[in-house]
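Chemist: First residue of the sequence shown? That's 194 in the working numbering, and the numbers climb one at a time after it.
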Amino acid sequence: DNNYTTNRMAQWNLQTALDALDWLMTRAPAKAAELVERLDLTEARLGRWRDVIQKVYLPMGDAGLIEQFEGYFQRKGVDLTALEPRSQSVQTIFGIEGTNETQVLKQPDALMLLYLLRKYYSDEAVRVNYDYYTPRTDHAYGSSLGPSIQAIMACEVGQPDEAYEHFIRAVRADLRDARGNASDGIHGASAGGTWQAVVFGFAGLRLTPKSWSVNPRLPRHWKRVAFKFYHRGKLQEVDLTPSPIRRTWMGEGRGGGRGRLRAFIFDLDGVLTDTAEYHYRGWKRLADEEGIPFTRQDNESLRGIPRRESLLLILKGRQVPEEELQEMMDRKNRYYLEFIKEITPRDLLPGAKELLEEMRAAGLKVAIGSASKNTREVIDRLGIRPLLDAISDGYSVERQKPAPDLFLHAAAQLGLPPASCVVVEDAAAGIEAAMAGGFRSIGLGPRERVGKADLVLPSLENAHLVDILEALK
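1. Taking 8 Å as the limit between beta carbons, can you name the residues of its chain near residue 270, skipping five residues before and five after?
2. Using the C-alpha atoms, what's the distance from residue 331 back to residue 461?
3. Using only the alpha-carbon positions, how far apart do residue 538 and residue 323 sit?
4. Please identify the residue among 227, 553, 196 whose C-alpha is closest to the C-alpha of residue 399.
5. Among the residues of its own chain, which have a CB less than 7 Å from the CB of residue 401, if the five just before and after it don't count?
6. Taking the alpha-carbon positions, what's the residue 317 to residue 490 distance?
7. With 16 other CB atoms within 10 Å as the buried threshold, where does residue 281 fall?
8. Rounded to whole angstroms, what's the CA-CA distance from residue 617 to residue 289? Just pull it up for me.
9. Check the DSSP bridge columns for residue 717 and list the partner residues they point to.
10. Among the residues of its own chain, which have a CB less than 6 Å from the CB of residue 305, if the five just before and after it don't count?
11. Within 10 Å of its beta-carbon, does residue 459 have 16 or more other beta-carbons around it, so buried, or fewer, so exposed?
12. Buried or exposed for residue 525, going by 16 or more other Cβ atoms inside 10 Å?
13. Which value, in whole angstroms, describes the spacing of the CA atoms of residue 454 and residue 227?
14. Exposed or buried, which one is residue 387 when buried takes at least 16 other CB atoms within 10 Å?
15. For residue 472, is the classification buried or exposed, using 16 other Cβ atoms within 10 angstroms of its Cβ as the cut-off for buried?
16. If you drop the 5 nearest sequence neighbours on each side, which residues of the same chain put their C-beta closer than 7 Å to that of residue 266?
17. Using the beta-carbon count (16 or more within 10 Å), is residue 203 buried or exposed?
18. Would you check if the segment 510 to 525 and the segment 418 to 425 touch, i.e. whether three or more CB-CB distances between them fall below 8 Å?
19. Using 8 Å for Cβ pairs, my map puts residue 347 next to residue 359. What's the rounded Cβ distance?
20. Is there contact between the segment 207 to 215 and the segment 235 to 251, where contact requires at least three CB pairs shorter than 8 Å?
21. Just mark residue 362 as buried or exposed, buried being the case when its beta carbon has 16 or more other beta carbons within 10 Å.
22. With a CB to CB cut of under 7 Å and the five nearest residues on each side skipped, what residues in its chain are close to residue 438?
23. Quick one: complete alpha helix (DSSP H) runs, 4+ long, within the segment 464 to 488?
24. Between which two residues does the beta strand (DSSP E) holding residue 519 run?
25. I think residue 385 touches residue 356, with their Cβ atoms under 8 Å apart; what is that distance to the nearest whole Å?
26. Need the endpoints of the alpha helix (DSSP H) that residue 369 sits in, please.
27. Whole angstroms are fine: how far does the CA of residue 607 sit from the CA of residue 235?
28. Closest by CA to residue 640, which one among 653, 621, 560?
29. Does residue 620 come out as helix, strand or coil in the three-state DSSP assignment?
30. How about the segment 584 to 596 and the segment 557 to 567: do they share at least three Cβ pairs that are nearer than 8 Å?
31. Give the C-beta separation of residue 652 and residue 544 to the nearest angstrom, bearing in mind that I take them to be a contact with Cβ-Cβ under 8 Å.
32. According to DSSP, simplified to helix, strand and coil, what is residue 267?
33. From residue 624 to residue 349, what distance separates their C-alpha atoms?
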């Protein structure tokens with residue numbers, strides 16, 4: 194009972210239905226109204242969907258380890274290597290009831306889920322689950338669906354040669370009648386999985402609503418992979434060899450020794466959401482209590498500046514003992530935390546979530562680099578933590594922007610050099626920090642503020658990954 198994959202897919206299905214309805218209501222209200230009436234989508238029913246989404250049981254252990262189903266972790270472990278060599282399934286050896294008392298699996302449901310909903314799970318979660326479930330799965334004589342999925346996920350964790358072994362198992366299900374039942378009919382799902390192992394596994398194809406990319410992980414002895422597919426009504430061609438690939442959006446960067454782009458590091462405030470109003474209200478309340486004039490224009494000058502430096506600017510040279518400074522900062526932060534309790538996913542700025550999802554789907558890593566010490570609280574309230582691989586905040590480093598330490602810390606967490614990362618900022622101090630650290634940068638806002646960035650955009654609204662990558666070449 195309570196199979197994680199079944200429950201998570203049910204949750205995803207309901208959320209996708211709600212998202213589709215919201216999309217229709219915005220872009221085709223008449224069609225949405227017709228659908229609501231035809232399907233009897235009352236507020237009570239939609240409310241019940243939201244309630245299920247929030248409360249569905251998803252068993253998970255430490256470090257993102259999925260529990261295949263409730264109680265699975267309590268079952269007896271089995272060393273499958275001790276049964277080799279064998280020519281029978283574990284179910285045949287132990288019996289169905291005996292196998293059900295162990296952790297041995299016919300197919301890795303958890304890995305199937307990570308493949309289908311990859312953008313919602315971090316690289317670390319994928320690795321943890323792959324390492325846990327691989328030795329517990331009967332790859333040779335379990336489900337014919339398992340080997341192709343195992344091959345795709347082996348590619349995801351950077352093991353293409355191991356992936357090839359699983360790929361061959363999938364191919365031989367019918368070509369070699371490896372399971373002795375090909376006479377009953379072709380294993381159609383396994384054949385489809387074999388194709389997916391080539392295209393989505395070894396070639397690393399990633400699709401987004403606006404673009405696509407490849408991130409090849411070819412076995413050492415493969416010389417070439419080529420295939421065609423349709424995307425947005427147009428025929429696309431992919432032709433990969435161990436030499437530089439011929440067709441990919443993830444192209445080489447600009448000159449000066451800069452390498453291929455692999456990650457984006459986002460500032461939070463003013464980039465993905467706008468908490469400036471909450472900061473202003475917090476500082477304004479403090480300033481009023483202290484009898485200090487403070488305007489919205491004053492607040493604008495604090496953009497990208499850490500809390501202590503912001504307070505010193507507000508004081509305008511007024512001398513205050515250190516303990517009083519600390520008390521003021523703590524007081525302002527209490528006010529701010531009260532205000533941000535109002536934040537919900539609807540407070541993401543236009544285009545932000547869509548771009549994050551595009552990046553995840555394209556296989557890029559995504560991090561947050563924010564000087565705020567409340568970064569994690571805001572991220573959780575925005576509901577974007579599943580789209581992130583790393584978080585660097587005001588607690589991560591001593592020196593804040595315009596020093597590059599915050600972004601360097603984020604890049605280190607991602608395991609990438611600065612030249613492979615792009616910083617997205619809306620403050621001059623942030624752009625200076627990116628430049629000082631050797632990062633490429635995107636500045637959001639007026640040129641007079643972020644004009645030193647490699648690419649300047651008014652905001653993330655209508656920003657698409659393919660256009661950004663082309664502009665940064």
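Glycine included, C-beta positions come from ideal geometry on N, C-alpha and C. Quick caveat, the model's predicted, so the values are computed rather than measured.
Modeler: The answer reads as follows:
1. 295, 296, 329
2. 44 Å
3. 30 Å
4. 553
5. 551, 554, 555, 658
6. 43 Å
7. exposed
8. 54 Å
9. The question about residue 717 has no answer here: the residues shown for the chain are numbered 194 through 666.
10. 342
11. buried
12. buried
13. 45 Å
14. buried
15. buried
16. 254, 260
17. exposed
18. no
19. 6 Å
20. yes
21. buried
22. For residue 438, the predicted structure reports a pLDDT of 39, less than 50, and the residue's modelled location is therefore unreliable. The matter cannot be settled from this model.
23. 469 to 483
24. Note, residue 519: premise wrong, no beta strand (DSSP E); alpha helix (DSSP H) at 515 to 533.
25. Contact doesn't hold; Cβ gap of about 17 Å is too wide.
26. Premise fails: residue 369 is in no alpha helix (DSSP H) and is neither H nor E.
27. 45 Å
28. 621
29. coil
30. yes
31. 7 Å
32. helix
33. 32 Å
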